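When we follow the working numbering, the leftmost residue of the sequence shown carries the number 87, and every step to the right adds one. Take a look at the structure set out below.
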Amino acid sequence: MRQCFVADLGGTKLSCALVDASGTIRARKTEAVDLSSTQAPVEQICRMAEVLTSAVGGRGERRRRGRSPARGTRTTWTVVGVAVPGLVRPTGTVWAPNLPGWERLPLARLLARCLRAPVVVESDRSAAVTGEAWRGAARGKSDVIALIVGTGIGAGIMTGGRLLRGAHELSGSAGWMVVSEEENETFFRVGCLEALAAGPAIARAASEAMETDSGSALSCLPSESIGARQIAEAARAGDRLARRVFERAGRFLGFAVANLISLFDPEVVVLGGGLAGAADLYLDTLRRVALERCQPLAARRVKIRVSRLGNDANLLGMARLAFAKAGVMCLEPGT
87 MRQCFVADLG
97 GTKLSCALVD
107 ASGTIRARKT
117 EAVDLSSTQA
127 PVEQICRMAE
137 VLTSAVGGRG
147 ERRRRGRSPA
157 RGTRTTWTVV
167 GVAVPGLVRP
177 TGTVWAPNLP
187 GWERLPLARL
197 LARCLRAPVV
207 VESDRSAAVT
217 GEAWRGAARG
227 KSDVIALIVG
237 TGIGAGIMTG
247 GRLLRGAHEL
257 SGSAGWMVVS
267 EEENETFFRV
277 GCLEALAAGP
287 AIARAASEAM
297 ETDSGSALSC
307 LPSESIGARQ
317 IAEAARAGDR
327 LARRVFERAG
337 RFLGFAVANL
347 ISLFDPEVVV
357 LGGGLAGAAD
367 LYLDTLRRVA
377 LERCQPLAAR
387 RVKIRVSRLG
397 NDANLLGMAR
407 LAFAKAGVMC
417 LEPGT
């Protein structure tokens with residue numbers, strides 16, 4: 087069965103895998119991203135491709151008979167797919183502000199030269215929604231939104247089975263949605279969702295709340311060590327301040343989801359990203375707010391779900407997109 091090599095490149099972590107056309111991950115490896123130079127992540131992806139190729143020991147069908155540039159290892163994959171946290175042009179050129187020097191970086195060309203294979207580059211949000219529609223919480227659906235909430239907030243949007251990219255490849259910049267009149271100096275904008283409901287915003291809201299409420303267990307921790315994970319742990323232990331912080335974030339996310347539902351009429355909205363792991367603390371609030379405020383007919387039909395794939399959504403979605411570009415048929419849900 088055909089395989090592809092895929093990479094999910096984030097601001098701090100790089101995950102790579104060999105994935106076959108059934109959506110099975112055959113091998114994987116995750117490392118901290120090397121940010122020592124502009125070229126370092128590119129070289130790191132190439133090294134991880136060699137490591138994974140060696141790990142599978144040449145198993146599988148070898149459509150390509152080329153040799154990897156480093157040690158002459160025969161490749162076991164047909165095409166390469168890379169998901170990145172930024173703007174991707176159709177040429178495979180990337181703008182990623184979280185990666186040093188990644189302004190108009192010709193990533194597809196650089197990797198193709200190194201790996202000697204066709205390379206497909208997409209935004210991580212497009213990869214996520216594709217993965218959820220292929221093998222995740224929106225399996226088999228063609229109108230899907232994947233709302234990714236972590237350090238930042240973005241949305242992958244699929245309508246009629248097609249990815250929505252926009253005139254300037256900026257569709258899905260959900261973190262910029264206005265959901266409040268509250269001014270926030272973080273973005274020098276009014277009501278920016280990311281400044282109110284992303285991971286750093288949750289930590290900031292907790293710190294501000296503790297200035298007037300010293301009864302929280304979080305008050306015993308050094309302020310620099312308080313992040314969304316620590317706040318979630320406190321909330322699950324019954325800390326009222328921590329619970330209020332997550333409910334507040336859930337309310338803002340609910341406003342955003344209501345707008346997305348009314349605009350795009352999806353079958354499923356999938357919540358992913360790092361904060362999906364804390365969805366038990368805000369999902370009820372998010373659902374209630376979203377369904378109360380979105381278009382009433384859409385509210386009756388839409389499903390709001392938490393990702394079942396986690397970080398694998400990007401890997402599987404990128405595999406699906408890469409296979410499609412290479413003309414390789416993937417197995418559909420139920421086959």
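Cβ coordinates follow ideal geometry from the N, Cα and C atoms, glycine included. The structure presented is a predicted model; accordingly, all values stated were derived computationally and were not measured.
Distance CB(Val137)-CB(Ala405) smaller than 7 Å: Start at 1 with the first residue of the sequence shown, and residue 137 comes out as number 51. Start at 1 with the first residue of the sequence shown, and residue 405 comes out as number 319. Not closer than 7 Å, so no.
Any 3 or more C-beta pairs closer than 8 Å across the stretch 189-199 and the stretch 223-238: no
Contact under 7 Å by Cβ, Leu372 with Leu339: Along the sequence shown, read from residue 1 onward, the residue named residue 372 stands at position 286. Along the sequence shown, read from residue 1 onward, the residue named residue 339 stands at position 253. Closer than 7 Å, so yes.
Cβ neighbour criterion (16 or more within 10 Å) applied to Gly413: Translated into positions along the sequence shown, residue 413 becomes position 327. Exposed, because fewer than 16 other Cβ atoms sit within 10 Å of the Cβ of Gly413.
Touch test, the stretch 256-264 against the stretch 389-408, Cβ-Cβ under 8 Å, three pairs minimum: no
Euclidean distance between Cα positions of Cys278 and Ala335: As a working note, residue 278 is residue 192 in the sequence shown. As a working note, residue 335 is residue 249 in the sequence shown. Answer to the nearest angstrom: the Cα atoms are 12 Å apart.
Residue ranges of each beta strand (DSSP E) within the stretch 243-276, 3 or longer: Residue ranges of uninterrupted beta strand (DSSP E) with 3 or more members, entirely inside the stretch 243-276 and ordered along the chain, are 264-270.
Bridge-paired residues (DSSP) for Ile347: Taking the first residue of the sequence shown as position 1, residue 347 is located at position 261. Its beta-bridge partners do not exist; DSSP assigns none.
Beta bridge counterpart(s) of Ala118 as assigned by DSSP: The residue you call residue 118 lines up with position 32 of the sequence shown. Looking at the DSSP assignment, Ala118 forms a beta bridge with Lys99.
Chain-order list of residues whose beta-carbon lies under 6 Å from that of Ala385 (same chain, five-residue window excluded): Stepping through the sequence shown from its first residue, residue 385 is reached at position 299. Correct list, in chain order: Leu377.
Distance between Ile288 and Val356 (C-alpha atoms, nearest Å): Taking the sequence shown and counting its residues from 1, one reaches residue 356 at position 270. Taking the sequence shown and counting its residues from 1, one reaches residue 288 at position 202. Roughly 20 Å between the two C-alpha positions.
Spatial neighbours of Arg329 in its chain, beta-carbon cut-off 6 Å, leaving aside the 5 residues before and after: By 1-based counting over the sequence shown, the position of residue 329 is 243. Here the set comprises Ala321.
With 16 other Cβ atoms within 10 Å as the buried cut-off, status of Gly403: Here residue 403 is taken as the residue at index 317 of the sequence shown, counted from 1. Looking at its Cβ environment, which holds 16 or more other Cβ atoms inside 10 Å, Gly403 is buried.
Expected contact under 8 Å - CB spacing of Arg88 and Thr164 to nearest Å: For the purposes of this step, residue 88 is taken as residue 2 along the sequence shown, with counting starting at 1. For the purposes of this step, residue 164 is taken as residue 78 along the sequence shown, with counting starting at 1. Right, the Cβ-Cβ distance comes to about 5 Å (below 8 Å), so this counts as a contact.
Buried versus exposed, by CB contacts within 10 Å (16 or more), Leu27: Summary: the structure shown does not reach residue 27, with the chain confined to residues 87 through 421, and so no result is reported for it.
Straight-line Cα distance separating Pro382 from Val119: The residue you call residue 119 lines up with position 33 of the sequence shown. The residue you call residue 382 lines up with position 296 of the sequence shown. Taking the straight line from one Cα to the other gives about 44 Å.
C-alpha distance - Arg151 paired with Arg202, whole-angstrom precision: What you label residue 151 is simply residue 65 of the sequence shown in a count that begins at 1. What you label residue 202 is simply residue 116 of the sequence shown in a count that begins at 1. Summary for Arg151: the model assigns pLDDT 40, below 50, so the residue's position carries little reliability; its value from the coordinates is reported in the next sentence. Going by the C-alpha atoms only, they are around 10 Å apart.
Exposed unless 16 or more other CB atoms sit within 10 angstroms - verdict on Thr216: Numbered from its first residue, the sequence shown carries residue 216 at position 130. Buried: at least 16 other Cβ atoms inside 10 Å.
Cut-off 7 Å between Cβ atoms - residues of its own chain near Val174, not counting five sequence neighbours on either side: Here residue 174 refers to the residue found at position 88 of the sequence shown. Excluding residues within five positions, the ones whose Cβ falls inside 7 Å are Val180, Val207, Glu208, Ser209 and Glu255.
Residue interval of the beta strand (DSSP E) (run including Arg391): Locating residue 391 in the sequence shown gives position 305, counting from the first residue. Segment Lys389 to Val392, the beta strand (DSSP E) holding Arg391.
Thr116 versus Ile234: straight-line alpha-carbon distance, rounded: Along the sequence shown, one-based indexing puts residue 116 at 30. Along the sequence shown, one-based indexing puts residue 234 at 148. Their backbone Cα atoms lie some 20 Å apart in a straight line.
Opening and closing residue of the alpha helix (DSSP H) in which Leu196 lies: Position 110 of the sequence shown, counted from the first residue, corresponds to residue 196. Here the alpha helix (DSSP H) through Leu196 covers Leu193 to Leu201.
Assigned secondary structure, Cys132 (DSSP; H/G/I helix, E/B strand, else coil): By one-based count along the sequence shown, residue 132 stands at place 46. DSSP places Cys132 in helix when its eight states are reduced to three.
Supposed close pair Ala295, Leu327 - CB separation, criterion 8 Å: Reading the sequence shown from its first residue, position 209 is the one you call residue 295. Reading the sequence shown from its first residue, position 241 is the one you call residue 327. The pair is a contact, with the Cβ atoms about 5 Å apart (cut-off 8 Å).
Length of the line joining the Cα atoms of Ser259 and Ile231: The residue labelled residue 259 in the question sits at position 173 within the sequence shown. The residue labelled residue 231 in the question sits at position 145 within the sequence shown. Going from the Cα of Ser259 to the Cα of Ile231 covers about 12 Å.
Closest Cα partner of Gly358 within the set Pro419, Ile239, Arg112 and Arg248: Counted from its first residue, the sequence shown places residue 358 at position 272. Closest option to Gly358, Cα to Cα, is Ile239.
Nearest-angstrom beta carbon gap, Ala214 and Ala93 [assumed within contact, 8 Å]: Residue numbering aside, residue 93 sits at position 7 when the sequence shown is read from its first letter. Residue numbering aside, residue 214 sits at position 128 when the sequence shown is read from its first letter. In fact, because the Cβ distance is near 14 Å, the residues do not count as touching under 8 Å.
Length of the line joining the Cα atoms of Pro127 and Met134: Taking the sequence shown and counting its residues from 1, one reaches residue 127 at position 41. Taking the sequence shown and counting its residues from 1, one reaches residue 134 at position 48. Taking the straight line from one Cα to the other gives about 10 Å.
Arg251 vs Ser257 beta-carbon contact at 7 Å: Your numbering for residue 251 matches position 165 in the sequence shown. Your numbering for residue 257 matches position 171 in the sequence shown. Taking a C-beta distance under 7 Å as the contact criterion, Arg251 and Ser257 qualify as a contact pair.
Cβ-based burial, Glu218 [other Cβ within 10 Å; buried from 16]: Stepping through the sequence shown from its first residue, residue 218 is reached at position 132. Glu218 should be labelled buried.
Ile243 versus Glu297: straight-line alpha-carbon distance, rounded: Residue 243 sits at position 157 when you count from the first residue of the sequence shown. Residue 297 sits at position 211 when you count from the first residue of the sequence shown. C-alpha separation (whole angstroms): 39 Å.
Per DSSP, the bridge partner or partners of Arg179: As a working note, residue 179 is residue 93 in the sequence shown. Rather than Arg, the amino acid found at residue 179 in this sequence is Thr. Pro192, per the DSSP bridge assignment.
Nearest-angstrom Cα separation, counted from Leu369 out to Thr124: Looking up residue 124 in the sequence shown gives position 38. Looking up residue 369 in the sequence shown gives position 283. Their backbone Cα atoms lie some 39 Å apart in a straight line.
Status (buried if at least 16 other CB within 10 Å, exposed otherwise) for Ser212: Within the sequence shown, residue 212 is the residue found at index 126, counting from 1. Ser212 comes out buried.
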